[in-house]
Amino acid sequence: MTNINKNSSLERLSQLVQTNISRKLDYMPDEFNEQQKAALELFQKRIFLEKTIDEALAFNRSLKFEESHKSLSLATTAEELIEVFKLRSEVYGGINYQDEFPDAIEGMNFDIFDQNSGVILYKTDNKITGTVRFIFDSPNKLPSEEKSSFERYRQGGKRIGELSRLIIRNEKKGLNQEFKYLTKGVYTLCTGNNVDMAMLSIITDHYKLYSKFGGGELVDSIEDYGNLGHPVITFAWDPSKASTFFKRTFLR
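Numbered by the numbering used here, the letters in the sequence shown go through residues 478 to 729 in order.
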């Protein structure tokens, strides 16, 4: 009940800020009005951050995630989520993905989809070195539906979601530990929460690996995904049909 009341208060506060964000005081100089607008915009972003953290933590705590690997877990504290948001910003900034996936607050990358996602962490020496989120279907649809349609899966009675924000701090060529265990985490999350199909938007060059997962099918091929500057494939994966290769490579 406390969490519900807090979120309701944050929503009312956000609406109040939005109402006043462009309101100018005619008797004050333009510089003052510009500073006031900037301050209100920053405050609104802070409200959004607070709501995202509250919603995301509540959602993650509601999920089934039976995983024994000590380095792999769901985010269950505000400190973990903040570290994830910072890691996303750091990595995306380093590979020039900020235009397509901009920070909500400078130095912190998050959006509304985090409120309905299982945020998976991989820790090395108690520090997050990899993360991925799995967005469960909601009225907000899914991010890749700006480019592709998943309606045929919904109409076919499938429970779907989307793998998103796969981040590794120091990614190396080949199958590193973070990628292996984060992929295992997605499998564990999907199979434990009755997900029928996991959607992925992947670089075309990565399709050879993902096609070996078993239970996959091509949804769409996009020549240029937004500002990324390279072709992307949208791929649907049924974890219940995971191949022998997948189980041997990712589940051991």
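Built from N, CA and C at the ideal position, the CB exists for glycine as well. Note that the structure is a prediction, hence the values are computed from the model and not measured.
Which of helix, strand or coil does DSSP assign to residue i?
i, result
"E694", "strand"
"Y599", "strand"
"I524", "helix"
"A581", "coil"
"L540", "coil"
"S717", "helix"
"S594", "strand"
Name the residue from the options whose alpha carbon lies nearest to the alpha carbon of residue i.
i, options, result
"L640", "N603, H683, G595, T601", "G595"
"E694", "A719, H707, I572", "A719"
"Y658", "L619, A535, K541, R729", "R729"
"S621", "K724, A675, Y599", "A675"
"I582", "I597, L526, S717, K724", "L526"
"I710", "F727, S717, T681", "T681"
"P616", "A552, F587, E628", "E628"
"P579", "L534, A552, K685, S566", "S566"
"I524", "S548, F587, F536, S539", "F587"
"I530", "H546, N670, D591", "D591"
"R646", "S548, T601, D614, F613", "T601"
"L598", "A535, S548, K635", "S548"
"E532", "R725, N593, K522, F727", "N593"
"K563", "M585, F712, E543", "M585"
"F727", "H546, L540, R610", "H546"
"E700", "K624, K635, Q521", "K624"
"N573", "H707, F613, A552", "H707"
"N537", "G691, F611, N653", "F611"
"D697", "K689, I589, Y684", "Y684"
"L534", "F712, S550, S717", "S550"
"E655", "T608, G692, R725", "T608"
"I644", "Y630, K689, G570, G692", "G570"
"T721", "G692, F712, A713", "G692"
"L475", "W714, N670, N671, V672", "Outside the shown range of the chain (478 to 729) lies residue 475, about which nothing can therefore be said."
"G634", "K689, N671, D576, L540", "N671"
"V561", "R631, P716, T606", "T606"
"S539", "S717, E577, F613", "F613"
Would you give the residue range spanned by the alpha helix (DSSP H) that residue i belongs to?
i, result
"R726", "Sequence check: residue 726 is Thr here, not Arg. It spans 721 to 727 - the alpha helix (DSSP H) in which T726 sits, taken as one unbroken run."
"I559", "555 to 571"
"Y684", "684 to 687"
With 9 Å as the threshold, decide whether the Cβ of residue i is near any Cβ in chain D.
i, result
"T606", "Chain labels in this structure do not include chain D; a single protein chain is all it has."
Assuming residue i is part of the beta strand (DSSP E), what are its boundary residues?
i, result
"L549", "549 to 551"
"V709", "709 to 714"
"I679", "674 to 680"
Under 8 Å: does the beta carbon of residue i sit that close to some heavy atom of the ligand ZN?
i, result
"T665", "The ligand ZN is not among the ligands present in this structure, which contains no ligands whatsoever."
Open item on the list: When you compare the stretch 658 to 671 with the stretch 556 to 574, are there three or more beta-carbon pairs, one atom per stretch, that lie closer than 8 Å?
Closed with: no
Open item on the list: Which complete alpha helix (DSSP H) runs does the stretch 602 to 653 hold, if anything under 4 residues is left out?
Closed with: 628 to 632
Task: the stretch 625 to 643 / the stretch 676 to 694 touching (three or more Cβ pairs under 8 Å) - done: yes
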